[in-house]
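Input: a single structure, listed below in structure tokens.
2 protein chains.
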Amino acid sequence: MSNEMMKYNPHVSVDCVVFGFDGEKLKVLLIERIISENNDNFSDKKLPGSIIYEDEDLDTAATRILNELTGLKNIFLSQFHSFGDPKRTSNPRDKNWLEKTTQLEIGRIVTVGYVALIKISRKIIFESENTTARWYDIKTLKTMKLAFDHNQIAEEALKHIRHKVMLEPYTLFELLPQKFTMTQLRNLYDIVLETKSDVRNFQKKMLQVEGLEQLNEVQKDVPYRAPRLYRFDKKKAKNTLNKSRKK
Amino acid sequence: MSNEMMKYNPHVSVDCVVFGFDGEKLKVLLIERIISENNDNFSDKKLPGSIIYEDEDLDTAATRILNELTGLKNIFLSQFHSFGDPKRTSNPRDKNWLEKTTQLEIGRIVTVGYVALIKISRKIIFESENTTARWYDIKTLKTMKLAFDHNQIAEEALKHIRHKVMLEPYTLFELLPQKFTMTQLRNLYDIVLETKSDVRNFQKKMLQVEGLEQLNEVQKDVPYRAPRLYRFDKKKAKNTLNKSRKK
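Chains as they are written, first to last, in my numbering: chain D, 1 to 247; chain Y, 248 to 494.
Set out below in structure tokens:
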């Protein structure tokens, strides 16, 4: 088969958009890419992603690749969109880097986007031999030029989460620690939905959410009046939701 | 590049799940596939889909392929999920048919699923030279063995629509004629959401939907007491929805 034909045949990759929340900022996990150009090393950032193996399902590939690049295990990744603009690999820098790292001749890559919401406390093998994974504030993404079309993929992932939160508000609790303050919850909600909620109204609304429980505990080690802690009982919320849907 | 490498490189296709509603049944558009086997012609059904061109975006490919195979134009197709099980092309019948029709050596195909909801009255070039497109009741799909994993793709598309309807109930109105009866609306709702609504409760609930308007008209040419007609003002509904989200 000719080289021409080969190029017609795209490669398929997966890219993972992993979101975490530190109580104030919504963050996304990026890895570093080092490129040798004109006897100089240049580095930039990309989403954890790579080309799928021949005998691998898409979901399996996403789990494997995220683990290889970040050390993360047992992450619930869900597919949200595939990206196939023929020009997405047209930047010579991206193309050269890819051909060097994969040892493949790259014509075109269709990538399948996966998204995950994780507790930011989860262990990531930082600075191991193979990973350069770090959390980046999603607000700084706007000023960063990521590899390929990864800015767009991250943006679409965020839109997808926003849409999901409207249907299933408890989606956001995946991002919060076991126990959290109302301010943390409001920050997260406002970042994802691009709103600016009123403090009192927000609290009132949230206390009506089935599964949200006020604890008899306050946040420790804070230099101001310690705010009350809350937790979220997912099981309770899901049961209520299912009941209301059957009506 | 070796043939081995070639197979590593999957092909990428798109498959379109187009739903229509005839007032009683939810239908899906399938095309016929004719296969020559042992000097005999055998035929079965598949979703309209094909391999993407080298220089084509996924959305463009979906629009082109749906048009080529069914004659449908100006259809709002939206991507819902990609399917990449390495075994999805392992049936020799599927593989042989593909290699014959595409003139390509096929190792593996990752397909991007698109879904559309259309008014069933829309013109489809039936029995033209190139199309064999026909509507099939989704209930009969369970007893049909479609090509490749197309049963699964159609099933996933329906789940996607179900999910979307819960968030945006007016999604379903895309499938109804300009003017429709309450029974038609209830039938559609019950099929998609797998419910069995009470006639009175359903009507009561629907009359609260912003944008749904009762007309001073009744259905014509029916052998029983003519039911009243309704129409749906999408603009009105969207405006209300947006307002309520901003609260």
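C-beta: ideal position from N, C-alpha, C; glycine also.
Q: Please work out which residues of its chain come closer than 6 Å, Cβ to Cβ, to Glu-156 of chain D, disregarding the five sequence neighbours upstream and downstream, and give them in chain order.
A: His-81
Q) Taking Cβ-Cβ distances shorter than 9 Å, what residues in chain Y pair up with Gln-264 of chain D? A) For residue 264 of chain D there is no data in the structure shown, the boundaries of chain D being 1 and 247.
Q: Taking only the alpha-carbon atoms, compute the straight-line gap between Asp-44 of chain D and Ile-34 of chain D and give it to the nearest angstrom.
A: 7 Å
Q: Kindly indicate which residue of Y:Lys-483, Y:Gln-455, Y:Pro-257, Y:Gly-458 has the alpha-carbon position closest to the one of Gly-107 of chain D.
A: Y:Pro-257
Q. Rounded to a whole number of angstroms, what is the C-alpha to C-alpha distance between Met-413 of chain Y and Ala-401 of chain Y?
A. 19 Å
Q) Can you tell me whether Gln-461 of chain Y is buried or exposed, with buried defined as 16 or more other CB within 10 angstroms of its CB? A) exposed
Q: Let me know the secondary structure DSSP gives Arg-186 of chain D once reduced to three states.
A: helix
Q: Could you name the residues of the segment 355-370 of chain Y whose beta carbon sits closer than 8 Å to any beta carbon of chain D, in the order they occur along the chain?
A: Arg-355, Val-357, Val-359
Q | Terminal residues of the alpha helix (DSSP H) in which Phe-202 of chain D lies | A | 199-206
Q: Report the residues of the segment 85-111 of chain D with a CB closer than 8 Å to any CB of chain Y, ordered along the chain.
A: Asp-85, Pro-86, Leu-104, Glu-105, Gly-107, Arg-108, Val-110
Q. What residues in the segment 164-179 of chain D bring their beta carbon closer than 7 Å to a beta carbon of chain B?
A. In the displayed structure, chain B is absent; the protein chains listed are D and Y.
Q. Can you tell me whether DSSP reads Glu-403 of chain Y as helix, strand or coil?
A. helix
(Q) Tell me which residues share the same chain as Lys-95 of chain D and place their Cβ nearer than 7 Å to its Cβ, disregarding the 5 neighbours each side in the sequence. (A) Thr-89, Ile-106
Q) Which term fits Ser-50 of chain D, buried or exposed, when burial requires 16 or more other beta carbons within 10 angstroms of its beta carbon? A) buried
Q. Leu-294 of chain Y and Leu-273 of chain Y look like a contact to me (Cβ under 8 Å); what is the Cβ gap, rounded to whole Å?
A. Contact doesn't hold; Cβ gap of about 15 Å is too wide.
Q. If you count every other CB in all the chains shown that lies within 10 Å of the CB of Ser-2 of chain D, and 16 or more means buried, which is it?
A. Only weak support exists for where Ser-2 of chain D lies, its pLDDT of 39 falling under 50; the coordinates are left without a value.
Q) Hey, out of D:Ser-197, D:Leu-172, D:Ala-226, whose CA is closest to Lys-234 of chain D's CA? A) D:Leu-172
Q: With DSSP collapsed to three states, give me the class of Asp-94 of chain D.
A: helix
Q) By Cβ distance, which residues of its chain are closer than 6 Å to Thr-63 of chain D, with the 5 residues on each side in sequence left out? A) none
**Q.** Reduced DSSP category for Phe-76 of chain D - H, G, I as helix; E, B as strand; rest coil
**A.** coil
(Q) I'd like to know if the segment 15-22 of chain D and the segment 110-125 of chain D are in contact, where contact means that at least 3 CB-CB pairs between them fall below 8 Å. (A) yes
Q) Is the CB-CB distance between Tyr-383 of chain Y and Val-259 of chain Y below 7 Å? A) no
**Q.** First through last residue of the beta strand (DSSP E) which encompasses Arg-108 of chain D
**A.** Where Arg-108 of chain D is concerned, there is no enclosing beta strand (DSSP E), given that its DSSP letter is neither H nor E.
Q. Taking DSSP as the reference, what is the three-state secondary structure of Asn-239 of chain D?
A. helix
Q.
Check whether chain Y comes within 7 Å of Glu-4 of chain D, counting only Cβ atoms and requiring the distance to be less than that.
A. Only weak support exists for where Glu-4 of chain D lies, its pLDDT of 43 falling under 50; the value from the coordinates is given anyway. For Glu-4 of chain D, the answer is no, since every Cβ of chain Y falls outside 7 Å of its Cβ.
(Q) Using only CA atoms, which one of Y:Leu-351, Y:Arg-369, Y:His-397 lies nearest to Asn-358 of chain Y? (A) Checking the displayed sequence, the identity of residue 358 of chain Y turns out to be Thr instead of Asn. It is Y:His-397.
**Q.** Residue-level contact to chain Y via CB, Val-12 of chain D, 7 Å cutoff
**A.** yes
Q: For Asn-486 of chain Y, go through chain D and note every residue whose CB falls closer than 9 Å to its CB, in chain order.
A: Those within 9 Å of Asn-486 of chain Y in chain D number zero; the least Cβ separation is about 17 Å.
Q. In this structure, does DSSP put Met-253 of chain Y in helix, strand or coil?
A. Unreliable positioning characterises Met-253 of chain Y in this predicted model, as indicated by a pLDDT of 43, which lies under 50. A coordinate reading is not provided.
Q: Assign Leu-248 of chain D to one of three DSSP states: helix, strand, or coil.
A: No statement about residue 248 of chain D is possible, as the shown extent of chain D runs from 1 to 247 and does not include it.
Q. Which residues mark the beginning and the end of the alpha helix (DSSP H) in which Ile-385 of chain Y is found?
A. 385-388
Q: Would you mind stating whether Arg-472 of chain Y and Lys-426 of chain Y have Cβ atoms separated by less than 7 Å?
A: no
Q: Tell me, please, which residues DSSP counts as bridged to Lys-35 of chain D.
A: Residue identity check: residue 35 of chain D is Ile in the sequence provided, not Lys. Looking at the DSSP assignment, Ile-35 of chain D forms a beta bridge with D:Phe-42.
Q. Can you tell me where the beta strand (DSSP E) with Glu-68 of chain D in it begins and where it stops?
A. Run containing Glu-68 of chain D: none in the beta strand (DSSP E); it sits in the alpha helix (DSSP H), 58-70.
**Q.** Beta carbon of Asn-434 of chain Y nearer than 7 Å to that of Glu-271 of chain Y
**A.** yes
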